[in-house]
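Quick notes on the structure that follows.
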Amino acid sequence: MTDGDDPAPAAPKPPPAKTGLAAKIRETVGRWSVARMVGRFLTYSAVLILLLYLLVPWAVRTLGDLPYDCCAGRFFNPEREGLISITSPQLFTRERLVNQRLDESAWIDRRIKAVDTLLEKQRFSTYSQVAVTKETLLAALETDETVESNIDAPDAMESFGELRIEPYNEFKRANSYRRLLVQEKFQSVLDDAHDTSSNTLQRLNFDLTITPARQRSTSVATVSLTLEQPKDPEWILQKYGELLFDVREELQDIAHRTISDRQKIYDVNTESSYALNAKTAELLRRELEQSVTDDVDVRTEIEALKESANEQYLGRLFSRFRQHLLSVGKDPAIGLALVKVFFPESEQWSDDMIGPLLDACSVGPTSIWALLPPNSTNSVNYLKLEEVHETFQKLKGAPIHSNVEERSKSMLRVALSESFFKASCPPSPEKLTQAAMIELLGKSYLEKQQKLDDWKVHCTIKKLNIARRSDTDAKQILDQSEEFKLIDDYFRKCNAVLNEVRAASRSAGLVLLVKAELENKPVDTAGRLRRIDDYFSISTESCDWQSCQLIVRTKSEQYRVAKRLAQNESAADDGRGKKDRKSAEEIEIDKRALMIGRQEALRLFSELSCFASARSYTVYPREGIGQNVHEKTSRDWSLLSWFGQNQVEGSSSVEQARITQSVPILGIGDIGNRDGRISERRPSECGADFVTLLNSLRMEVDLTSVLSKALNDSKDTLSEKLSDDWKKDMRCLLNKATDAIGDVELFEKTAQTCYQKSSDTIDQPGDEKVKDFDLSALTMVVRFLRERSTTISWIVFPKDEGLWGVRHVAQNIPLSAIVSLPSWWPGLQVVSETCWQRPKRMRVYSDRSLCPEPESPEKPVRRARVETSQLLPLPNGVEDVLSKLGFFLIRYPYIDRQGTENIVLESGREATLRLTGKRLWKNPKVRLGEQWSSEIEVLPDMRGILAKFECLDPLAPGDGKKMVHRETGLTELAGAEADRTSDIGFDADPRERTSDSTRYSELRSARVWTSEGNTQDVSVTVRAFRPRYVVYRQAERPCWEKGKGPDNRSQGGN
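Residues are numbered in our numbering as their position in the sequence shown, beginning at 1, plus a constant of 628.
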């Protein structure tokens, strides 16, 4: 075998494959192409970037704040977070706030009614849907303008209706909107609940400024405002001393108003049914029995006064009736002739005349024709009246008729039939008796104060009646005094004297009656045995035969007046020593009066504080401040035209406004007791011990001495009535206040130890004797025990910006709060606390404030909060003070009668009714006749309201007649058309038009309803609508024919 025949060598065997994970990866990658490798790299890179995009923000947001939240916040420095400042509050007065609430309530009522109206008409829809529908229809109409319509107009309108939303969605949106309005209405109604508890609502506006130092900080800015009474004891004594004088003026006003009300008992023309209630009548009898001497025959005197009052009533009725007769007809001669018909012999009353008039008083206005005496039409005086009337018609130039005499007689009868007279009813026997008792009470009192002249004693009603009977009796009276020479001289002088004496007696009697009512008014609060004369001095020392007034003074004023009077009555002593002694006495009197006044102020503060309550009611914003965003969107679509098959390309731009939450801020009201750390404070500061001390208190005695003796001497009479725990607490608190020497903050810190329990029974707080203290220290203790405050807070969060966290921005935020405070508070201490807080470390602290006390007091650099305080005066009211003291002199709203006698309105127009009085502003509603007012406005001094009527209802209609509403019924007057078609009468005599406008009217009763009750009725004259102008031969029409104003009769029940 040659070399060429040798076999070829075998191929080398491949190395054995590796079986590990790395080998598999290398083998897989080795088979990839370049393009595939690039794609895989990009995919994995995108996934990695996405993970980093999600994890890095989370790490930044979570781990970045970790140092500030760990280690009990040791690394968190709030002073490096930025600046938080809040401005001084702006105060809205009660009158402005009440008017704003009334306007809002009326506006909500109109919106609710508008929603109901739209739902009934199936026209409720949103603005954007209305805009889209309108523009779509217009585009379709413009496109098919040249195309002949093959669909009727009703079909077009039907197609237009198909663009509306579904009824279910429409109702759902309307119901949601309506429920929101109703909720706002309930919010307004809840406001009034605070007014009924002697609290008043105050609105405070603030401006909050935040300037962050770290924009990416997750810390929150917190603001807490604590509203409380100032703690300065001297401020309390001064302001409540001023409040005491305001209450005195209020009581003086109530006394004058009560006297004015009691004077109605002498009014014989109106309100004849007026009489004193049973309690007042019994009090009057008791006062009269104690005042009148034994030699006075009370029953005889009362009967004589009743007879005189009845004669006075008849005399006034006769005078009014005579004046009415003289006004009948258009010629004075007719009136004089008519007077002769009724009084043929002399102008004196007759039984035939008195009977019909008194019978007519209960029926209502009666025509003169019906009041003519029997058979008077056949008398000579009536024939003369016909002659005078006929003569007047001829002189007037009346048209000549065939039978002038008969026509004149007929016109006279018509005139007498259309002239109506309403007689006032006679006073009731009860009213006459009470009026006589009041007059006799005043006369008896004045005779004790100052005797009348000898000759004036003979001028009495009884002797005047005797003198009128016969000349013999008159001469016997003349012989008793040399002052009277003739009978005429006796009547002339005595009539003048008697009028003066009776007027003075009535005035003094009313003053004495009201004084007795006030002094005997018992307190209506259980446990307190005080009367109103324990707080104020009510005197009648200025009463004489010329005038009599009721004077109300505080105890300090009464002490000064009494001491000065006693000083003036002392024997006069000439010389300088007397002058110096008098000066020293005056100084001592002033010091003593000042001490009494300060004690009165402290007592008023301590009593009122027992019933005080303060709370925050509405905080704005609650859930952030909205930002108005105006958007404009557009879209195109194609629709088949309603008038053909043409396609229409239309564009519709829809503009709408929406609200976005741009500032995440949360408002919070009260969250707990302000002094929660003193959880063991006993609620006995207004309990039985305080009431016992109050009932034993006398303003003329030094209160500090009395209380010091009661606390130190266990055998003292007052000390035996007080509990040991109360005395123990008071000793400790008074000692702490004395040691503080006027430092309120130091006292409040040390006073907490008085309520701490100690295991050592020897060193219990309060076991020591009380130190000498002054009234200022006692006021400080009372203020500490009467803590009343409310706190409102806001939390401002950083704005969330999505994935990369949050961001703080510099901003100015308007804040507002409505708080319920006692109406008598003279001022308000506003304590503001601002701080930066970590969200994870926020918790409910023992204090109401969201800003805690510094956790490291030894490091003042890191202050957790910044606290400021400012004093804000309040427009305090005094009308609720007497009721809180337990003296409910006036429990209900009332209207001043002065100025309400001649209120005249005209139907068919807008009308405003002004009603003055007190307690009318608490959720008022006014009803005039059968119509409710459409709007209410409170007067600036809170002593009246304006009731506005959008369209005053027409007069009660009749069949071609006017229905004139009277106090006792309805009377039809013939000869006029209905109110809505009243004749203009431009060609008539202007005097006749004026007469018609006064003829056709009706009386409507106006009444005010409030949350405390309703007032008495006030009569308002409503005249028929009369046009005031003519345009193009068209007279002015009433508002009910112009479609103005809703029917307000459905706004309330009868």
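Heads up, the beta-carbon is just placed ideally off N, CA and C, and yes, glycines get one too. Predicted model, so just to flag it, every value in this text is computed and none were measured.
Quiz prompt | Residue ranges of each alpha helix (DSSP H) within the stretch 1498 to 1586, 4 or longer | solution = Counting whole runs of 4 or more residues, the stretch 1498 to 1586 contains the alpha helix (DSSP H) stretches 1509 to 1512.
Practice problem: Just list the alpha helix (DSSP H) runs in the stretch 928 to 971, keeping only unbroken ones of 4 residues or longer that don't cross its boundaries, in chain order. | Solution: Qualifying alpha helix (DSSP H) stretches, in chain order: 960 to 970.
Quiz prompt | Proximity of His1017 and Ile962 at Cβ, strictly below 8 Å | solution = In this structure, Ile962 lies closer than 8 Å to His1017 by Cβ.
Quiz prompt | C-alpha distance - Val848 paired with Tyr696, whole-angstrom precision | solution = C-alpha separation (whole angstroms): 13 Å.
Quiz prompt | Simplified DSSP state of Cys1463, which is helix, strand or coil | solution = Residue state, collapsed to three classes: strand.
Quiz item: Looking at the structure shown, is Trp1668 part of a helix, part of a strand, or coil, going by DSSP?
Solution: In this structure, Trp1668 counts as helix in the three-state DSSP scheme.
Quiz item: Can you list the beta strand (DSSP E) stretches of 3 or more residues lying completely in the stretch 795 to 853, in chain order?
Solution: Those beta strand (DSSP E) runs which fall completely within the stretch 795 to 853 and span 3+ residues are 827 to 840.
Self-check item: Stretch-stretch touch, CB-based, cutoff 8 Å, three pairs: the stretch 1404 to 1417 with the stretch 1361 to 1372
Solution: Enough Cβ pairs lie closer than 8 Å, so yes.
Quiz item: Contact between the stretch 984 to 1002 and the stretch 1050 to 1057: three or more CB pairs below 8 Å?
Solution: Segment contact: the stretch 984 to 1002 against the stretch 1050 to 1057, three or more CB-CB distances shorter than 8 Å; contact assigned.
Quiz item: Between the beta-carbon of Ile1066 and the beta-carbon of Ile887, is there less than 8 Å?
Solution: No, the Cβ-Cβ distance between Ile1066 and Ile887 is not below 8 Å.
Quiz item: Just the Cα atoms here: how many angstroms apart are Val1189 and Glu1216?
Solution: C-alpha separation (whole angstroms): 13 Å.
Quiz item: What's the C-alpha gap between Glu1228 and Tyr1163?
Solution: Between Glu1228 and Tyr1163, the C-alpha separation is close to 8 Å.
Self-check item: Nearest-angstrom beta carbon gap, Leu1140 and Glu915 [assumed within contact, 8 Å]
Solution: With 8 Å as the limit, Glu915 and Leu1140 qualify as a contact, their Cβ atoms being about 6 Å apart.
Quiz item: Per DSSP, Asn1642 forms a beta bridge with which residues?
Solution: Asn1642 is bridged to Trp1637.
Quiz item: Quick one: what does DSSP say Asp1428 is sitting in, helix, strand or coil?
Solution: Residue state, collapsed to three classes: strand.
Quiz prompt | Status (buried if at least 16 other CB within 10 Å, exposed otherwise) for Lys741 | solution = Exposed, by the Cβ-count rule.
Self-check item: Cβ neighbours of Thr1462 in the same chain (closer than 6 Å, five flanking residues each side left out)
Solution: Apart from the 5 residues on each side of it in sequence, Thr1462 sits with its Cβ closer than 6 Å to the Cβ of Ile712, Val851, Val1494 in its chain, given in chain order.
Quiz item: Going by the beta-carbon positions, is the gap between Pro972 and Ser1007 smaller than 8 Å?
Solution: Cβ atoms of Pro972 and Ser1007: closer than 8 Å.
Quiz item: Tell me, which residues are paired with Thr1246 by DSSP?
Solution: Note: Thr1246 sits in a beta bridge opposite Ile1446.
Quiz item: Does the separation of the CB atoms of Val875 and Leu1510 fall below 8 Å?
Solution: Contact: yes.
Quiz item: Assuming Thr1643 and Pro1521 make a contact with CB atoms under 8 Å, what is their CB distance in whole Å?
Solution: About 5 Å separates the two Cβ atoms, so the contact holds.
Practice problem: Could you tell me if Thr1540 is buried or exposed, where buried requires 16 or more neighbouring beta carbons within 10 angstroms of its beta carbon? | Solution: By the C-beta density criterion, Thr1540 is exposed, having fewer than 16 other C-beta atoms within 10 angstroms.
Self-check item: Simplified DSSP state of Gln1662, which is helix, strand or coil
Solution: In this structure, Gln1662 counts as strand in the three-state DSSP scheme.
Self-check item: Residue nearest to Asp599 in terms of C-alpha spacing, selected from Glu707, Gln1186, Cys1176
Solution: The chain is shown only over 629 to 1682; residue 599 falls outside these bounds and no answer can be derived.
Quiz item: What are the residues that DSSP puts in a beta bridge with Arg1651?
Solution: Assignment of beta-bridge partners to Arg1651 by DSSP yields Glu1534, Ser1629.
Self-check item: Classification of Phe1318 by the beta-carbon crowding that lies within 10 angstroms, buried from 16 upward
Solution: It counts as buried.
Quiz item: Where does Glu1228 fall in DSSP's three states?
Solution: Helix at Glu1228.
Practice problem: Kindly examine the ligand HEM and report whether one of its heavy atoms sits closer than 7 Å to the Cβ of Lys1024. | Solution: Summarising the ligand content, the structure contains no ligands, and the ligand HEM is consequently not present.
Quiz item: Just checking my contact of Leu1456 with Leu1500 at CB under 8 Å: how many whole Å lie between their CB atoms?
Solution: Confirmed, about 5 Å.
Quiz item: What are the boundary residues of the alpha helix (DSSP H) that Phe704 is part of?
Solution: Counting along the chain, Phe704 falls outside any alpha helix (DSSP H), and DSSP gives it neither H nor E.
Practice problem: Between the Cα of Asn1578 and those of Ser1561, Gly1572, Val1566, Met1570, spot the shortest distance and give me the residue it belongs to. | Solution: With the sequence shown as reference, residue 1578 is identified as Glu, and Asn is not the correct amino acid for it. The residue with the shortest Cα to Cα distance from Glu1578 is Ser1561.
Quiz prompt | Reduced DSSP secondary structure (H/G/I, E/B, other) of Glu973 | solution = Reduced to three states, the DSSP call for Glu973 is coil.
Quiz item: Can the beta-carbon of Leu953 be found less than 8 Å from the beta-carbon of Val967?
Solution: Taking 8 Å as the Cβ cut-off, Leu953 and Val967 qualify as a contacting pair.
Self-check item: Backbone CA spacing between Ala802 and Val743 [nearest angstrom]
Solution: The alpha-carbon atoms of Ala802 and Val743 are separated by roughly 7 Å.
Self-check item: Coil, strand or helix - Trp735 by DSSP
Solution: The DSSP-derived three-state label of Trp735 is helix.
Practice problem: Can you tell me which of Ser1170, Ser1497, Glu1213, Phe1233 puts its alpha carbon nearest to the alpha carbon of Lys1191? | Solution: Taking Lys1191 as reference, the option from Ser1170, Ser1497, Glu1213, Phe1233 with the minimal CA-CA separation is Glu1213.
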